[in-house]
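Heads up: the sequence shown runs through residues 131 to 404, numbered per my numbering. For every residue, glycine included, the Cβ atom is placed at its ideal position computed from N, Cα and C.
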Amino acid sequence: MIILGATPIGNLGDASPRLRDALAQATVVASEDTRVTQKLLAALGIANRPRLIPLHEHNERARAAEIVEHARGADVLVLTDAGMPTVSDPGFPLVEAAIAADVEVTCIPGPSAVVTALALSGLPTDRFAFEGFLPRKQGDRARRLADLADDPRTLVFFEAPSRIAASLAALADAFGADRRAAVARELTKLHEEVRRGPLAELAEWAGHGVRGEICIVVAGAESKQADAAEALARVQALVAGGERLKHAAAEVAAETGLGKRELYEAALAARDSR
Numbered sequence: 131m132i133i134l135g136a137t138p139i140g141n142l143g144d145a146s147p148r149l150r151d152a153l154a155q156a157t158v159v160a161s162e163d164t165r166v167t168q169k170l171l172a173a174l175g176i177a178n179r180p181r182l183i184p185l186h187e188h189n190e191r192a193r194a195a196e197i198v199e200h201a202r203g204a205d206v207l208v209l210t211d212a213g214m215p216t217v218s219d220p221g222f223p224l225v226e227a228a229i230a231a232d233v234e235v236t237c238i239p240g241p242s243a244v245v246t247a248l249a250l251s252g253l254p255t256d257r258f259a260f261e262g263f264l265p266r267k268q269g270d271r272a273r274r275l276a277d278l279a280d281d282p283r284t285l286v287f288f289e290a291p292s293r294i295a296a297s298l299a300a301l302a303d304a305f306g307a308d309r310r311a312a313v314a315r316e317l318t319k320l321h322e323e324v325r326r327g328p329l330a331e332l333a334e335w336a337g338h339g340v341r342g343e344i345c346i347v348v349a350g351a352e353s354k355q356a357d358a359a360e361a362l363a364r365v366q367a368l369v370a371g372g373e374r375l376k377h378a379a380a381e382v383a384a385e386t387g388l389g390k391r392e393l394y395e396a397a398l399a400a401r402d403s404r
């Protein structure tokens with residue numbers, strides 16, 4: 131089978147017993163960077179030296195079929211440099227190919243920068259979306275953020291130190307300077323830091339330079355539903371101008387996101403109470 135193994139994102143103590151056992155028993159490991167895997171084996175004190183197959187963004191589609199065929203007869207442990215394979219890291223084409231070939235895929239769960247940053251952000255966690263890295267080009271980035279500006283879910287991004295200030299400034303432009311956010315860097319490491327505040331404030335802070343592995347967590351957009359009293363007043367104004375109540379309720383419902391039936395009945399009730 132294919133075994134996806136989550137590796138520490140910083141603190142080696144986060145390597146699970148299952149991961150240690152898998153590393154100790156593996157005969158074949160497909161890894162994002164074989165040098166990083168060798169260092170991990172040494173750091174965890176694991177004497178096993180499995181065959182290491184490079185599996186990175188430049189070759190994963192080409193090597194997926196080969197690795198899947200190998201997995202028909204023996205387990206293949208899949209690792210990235212840090213965190214869970216397939217999550218903004220190599221692995222998805224391999225999983226896709228394995229499923230298509232009816233080869234079993236399982237997972238050794240473990241550290242994830244996405245959920246760690248989310249948990250530490252102080253922002254709502256009931257609904258969230260992971261957006262990975264923002265586009266490098268300014269125009270592409272602006273278009274992506276415009277699509278996300280009204281998303282009510284908490285959003286999680288990865289970002290490089292060299293682009294963090296520009297990305298935070300772009301987020302402030304697209305989402306509003308006062309949108310709440312958090313920047314989490316070097317998670318689980320010695321210099322772990324979580325900076326929380328409005329996007330504009332975080333952009334200014336990042337302008338002085340930020341190092342390390344970085345996650346940005348941004349609060350979702352507030353509901354644009356209008357106040358019910360204001361919406362009712364709008365319906366009444368349209369009716370007073372000669373529009374039929376049914377059409378006025380539908381128009382205001384489309385504008386505000388409130389229910390057409392509720393607006394219609396509220397207008398009737400207000401009319402009857404006069």
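Neighbour-count burial assignment, residue i, 16 or more Cβ in a 10 Å radius
i, result
"proline 138", "buried"
"leucine 153", "buried"
"aspartate 219", "buried"
"serine 353", "exposed"
"alanine 359", "exposed"
"leucine 142", "exposed"
"glutamate 162", "buried"
"serine 251", "buried"
"glutamate 395", "exposed"
"serine 403", "exposed"
"glycine 339", "exposed"
"glutamate 199", "exposed"
Beta-carbon separation (whole angstroms), residue i vs residue j, contact threshold 8 Å
i, j, result
"leucine 182", "threonine 167", "6 Å"
"isoleucine 133", "leucine 253", "Not really, about 33 Å apart at Cβ, beyond 8 Å."
"leucine 285", "valine 348", "5 Å"
"tryptophan 335", "arginine 326", "Not quite, the Cβ-Cβ distance comes to about 11 Å (not below 8 Å), so this is no contact."
"alanine 195", "alanine 227", "6 Å"
"proline 328", "aspartate 308", "5 Å"
"arginine 150", "isoleucine 176", "7 Å"
"alanine 295", "glycine 269", "Their Cβ separation, rounded to whole angstroms, is 18 Å, which puts alanine 295 and glycine 269 out of contact at 8 Å."
Beta-carbon gap between residue i and residue j smaller than 8 Å
i, j, result
"alanine 311", "isoleucine 346", "yes"
"alanine 397", "alanine 279", "no"
"arginine 257", "proline 291", "no"
"threonine 157", "proline 180", "yes"
"leucine 368", "alanine 384", "no"
"glycine 262", "phenylalanine 222", "no"
"alanine 123", "alanine 380", "An answer regarding residue 123 cannot be provided, because it is not within the stretch 131 to 404 covered by the chain."
"valine 217", "serine 242", "yes"
"alanine 304", "alanine 276", "yes"
"isoleucine 229", "arginine 148", "no"
"methionine 131", "aspartate 205", "yes"
"leucine 264", "arginine 274", "yes"
"aspartate 144", "glycine 213", "no"
"alanine 400", "valine 382", "no"
"alanine 330", "alanine 302", "yes"
"leucine 170", "asparagine 178", "no"
"isoleucine 197", "alanine 160", "yes"
Extent of the continuous beta strand (DSSP E) to which residue i belongs
i, result
"alanine 311", "310-315"
"valine 233", "Unbroken run through valine 233: none, as it is neither H nor E."
"serine 161", "158-161"
"valine 348", "344-348"
"leucine 185", "First-last for leucine 185: undefined, no H or E at that position."
"alanine 206", "It is worth fixing the name first, because residue 206 is valine in this sequence and not alanine. Run containing valine 206: 206-209, per the beta strand (DSSP E) assignment."
"leucine 134", "132-135"
Boundaries of the alpha helix (DSSP H) in which residue i is found, first to last residue
i, result
"isoleucine 294", "294-305"
"alanine 290", "Neither: alanine 290 is in no alpha helix (DSSP H) and is coded neither H nor E."
"leucine 142", "Taken as a continuous stretch (DSSP letters only), leucine 142 belongs to no alpha helix (DSSP H), as it is neither H nor E."
"proline 265", "No alpha helix (DSSP H) contains proline 265, which DSSP labels as neither H nor E."
"arginine 165", "164-173"
"proline 147", "147-155"
"leucine 329", "329-336"
"arginine 193", "190-201"
"glutamate 392", "390-402"
Touch test, the region 317-324 against the region 235-250, Cβ-Cβ under 8 Å, three pairs minimum: yes
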